[in-house]
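**Q** Under the numbering used here, residues 7 to 426 are what the sequence shown spells out, in order.
Idealized CB from N, CA, C, for every residue including glycine.
Handing you a structure now.
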Amino acid sequence: MRNADLVRRKDAATPRGVGVMCNFYAERADNAEIWDVEGKRYIDFAAGIAVLNTGHRHPRLLQAMQEQMARFTHTAYQIVPYASYVELAEKINARAPGRFAKKTAFFTTGAEAVENAIKIARAATGRPGVIAFSGGFHGRTMMGMALTGKVAPYKVGFGPFPGEIFHAPYPCELHGVSVEDSLKALQQLFKSDIDPKRVAAIIFEPVQGEGGFHVAPAAFVKALRALCNEHGILLVADEVQTGFGRTGKLFAMEHYGVAPDLTTMAKSLAGGMPLSAVCGRAELMDAPAPGGLGGTYAGNPLAVASALAVLEVLEQEKLVDRGAVLGDRLRDKLEGLRSRVPQIAQVRGVGAMIAVEFKQADGSPDPDFTRQVQARALERGLLLLSCGVDGNVIRFLFPLTIPDAVMDEALGILADALLG
Ligand SMILES: Cc1ncc(COP(=O)(O)O)c(C=O)c1O
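Structure representation (structure tokens):
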């Protein structure tokens, strides 16, 4: 099988709307490496878009899924329940931020978790409004798109979207938006667009993922919490990309000392199996009536088995701490190259959730240089993802299980790619 033949078949058989970044096809993968159908090897710093904190095919995950497969693969939890679903909910309730009684419901994708968090918030408050942030990404379903704060390519041609959704600017000092600016914009929304008493939820990413790995300042998160408390609004942390060890904590909200009312999670939760969740205050989670939440595949037994193994592996291999150490190494490497790569505008992030933003000589975004770095790295066998509303940011999503030697090799390739 040749990559070029597969590209031709893909173009004929699948719609262009399912945009595909690479022109090579996966044959097999192991931990932080992936091989294509022509035998070329890549170091995988994309990790299936932040899904593989525990690496490709971790033996413990495979064993857990094989054991589950030998017993049953699907009953529909809402018809015939199974203990592992309950056990995973208990474990997440015990670990998610917030010292209060929690409950967790499982779904399949990140967007579905977001949809359900908004359903729960509306049911619990009896209010319609939702506030999200510019640059935020919350998925490709109707509500996910409505909440997403980036038009192209996510929203083009797909409206109208659900109503009562408003956006405020996300703070970003580099681009001239202070915490104060964001908070003022929220107050302005309350004056010009919606009475805060009609707002069910404010949803935000503690570190914006697709939006460019912008880290929410602590003052901002604390102010959001206070604003929500003042007006009876629920604070929803979308931890779909930040969760499960990426930021040096199991959940990014642990960095802030305040808890959200509801947390969405997906991606690395089940290490490559489709599973998402909403975890939140028990009384809020119980607001929707029986039958209002769920889905045919929601909390699939194989995915749940994999997620239980992910928690075990994260804890046994101390991967959350290791992620923070690896993130520091990457950050040091990038900072060390700064004097020789004038395009570097900023190296930022938290834990292993690190990104580098590129600018042109006049300070404007440099998506061309970003694409060049990505292409040069790929040619040398390192798969990198970009992000940011201007496409001028490279984000690093290496598995936290990556062996030191492979990490060193990747950092060498990255340096070469940056230096041209
Ligand atoms: C913060 C955030 N929320 C929601 C989503 C949507 O997740 P999914 O693609 O699994 O629907 C994503 C995906 O990148 C995300 O990063």
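(1) Does the beta-carbon of His-220, which I'm using as the reference point, lie nearer than 7 Å to any heavy atom of ligand 1?
(2) Taking Cys-285 as part of the beta strand (DSSP E), name the residues at either end of that continuous run.
(3) In angstroms, rounded to a whole number, what distance separates the CA positions of Pro-266 and Glu-245?
(4) Runs of 3 residues minimum, wholly inside the stretch 119-152: which ones carry the beta strand (DSSP E) assignment?
(5) Alpha carbon to alpha carbon, what distance is there between Val-331 and Ala-411?
(6) Quick check on this structure: which residue in Val-395, Leu-240, Gly-249, Arg-335 has the alpha carbon closest to the alpha carbon of Gly-132?
(7) Using only alpha-carbon positions, find the residue among Thr-81, His-62, Ala-130, Tyr-31 that is nearest to Pro-294.
(8) What is the residue span of the beta strand (DSSP E) that Met-271 lies within?
(9) Under DSSP, the alpha helix (DSSP H) around Cys-393 begins and ends at which residues?
(10) Tell me which same chain residues have a C-beta within less than 8 Å of the C-beta of Tyr-160, skipping the five on either side of it?
(11) If contacts are defined as beta-carbon pairs under 8 Å, then Ala-351 and Glu-341 qualify, I think. What distance do you get, rounded to the angstrom?
(12) Measuring alpha carbon to alpha carbon, tell me which of Pro-177, Val-183, Ile-137 ends up nearest Gly-169.
(13) Answer yes or no: do Met-259 and Ala-283 have a C-beta to C-beta separation smaller than 8 Å?
(14) From what residue to what residue does the alpha helix (DSSP H) around Lys-109 run?
(15) My output table needs one value for Phe-30: the three-state DSSP class, helix, strand or coil.
(16) Ends of the alpha helix (DSSP H) at Met-71?
(17) For ligand 1, is there a heavy atom less than 7 Å away from the beta-carbon of Thr-269?
**A** Reading off the structure:
(1) Residue 220 sits at position 214 when you count from the first residue of the sequence shown. Result no, Cβ not under 7 Å from ligand 1.
(2) Locating residue 285 in the sequence shown gives position 279, where the first residue counts as 1. Residues 282-287.
(3) As a position in the sequence shown, residue 266 is number 260, starting the count at 1. As a position in the sequence shown, residue 245 is number 239, starting the count at 1. In a straight line, the C-alpha of Pro-266 is about 11 Å away from that of Glu-245.
(4) 135-139
(5) For the purposes of this step, residue 411 is taken as the residue at position 405 of the sequence shown. For the purposes of this step, residue 331 is taken as the residue at position 325 of the sequence shown. Roughly 15 Å between the two C-alpha positions.
(6) Here residue 132 refers to the residue found at position 126 when the sequence shown is read from its first residue. Closest option to Gly-132, Cα to Cα, is Leu-240.
(7) If you number the sequence shown from 1, residue 294 lands on position 288. Nearest option by C-alpha distance: Ala-130.
(8) To locate residue 271, count along the sequence shown from 1; it is residue 265. 268-271 is the extent of the beta strand (DSSP E) around Met-271.
(9) Along the sequence shown, read from residue 1 onward, the residue named residue 393 stands at position 387. Element bounds for Cys-393: not the alpha helix (DSSP H) but the beta strand (DSSP E), 391-393.
(10) Indexing the sequence shown from 1 puts residue 160 at position 154. Closer than 8 Å at Cβ, skipping near neighbours: Phe-143, Arg-146, Met-151, Thr-154.
(11) Within the sequence shown, numbered from 1, the residue matching residue 351 stands at position 345. Within the sequence shown, numbered from 1, the residue matching residue 341 stands at position 335. Their Cβ separation, rounded to whole angstroms, is 13 Å, which puts Ala-351 and Glu-341 out of contact at 8 Å.
(12) For the purposes of this step, residue 169 is taken as residue 163 along the sequence shown, with counting starting at 1. Nearest option by C-alpha distance: Ile-137.
(13) As a position in the sequence shown, residue 259 is number 253, starting the count at 1. As a position in the sequence shown, residue 283 is number 277, starting the count at 1. Taking 8 Å as the Cβ cut-off, Met-259 and Ala-283 do not qualify as a contacting pair.
(14) Counting from one through the sequence shown, the residue named residue 109 turns up at place 103. Run containing Lys-109: none in the alpha helix (DSSP H); it sits in the beta strand (DSSP E), 108-113.
(15) Walking along the sequence shown from the start, residue 30 turns up at place 24. Coil.
(16) Counted from its first residue, the sequence shown places residue 71 at position 65. 65-77 is the extent of the alpha helix (DSSP H) around Met-71.
(17) On the sequence shown, position 263 is the one that residue 269 refers to. No, the beta carbon of Thr-269 sits no closer than 7 Å to any heavy atom of ligand 1.
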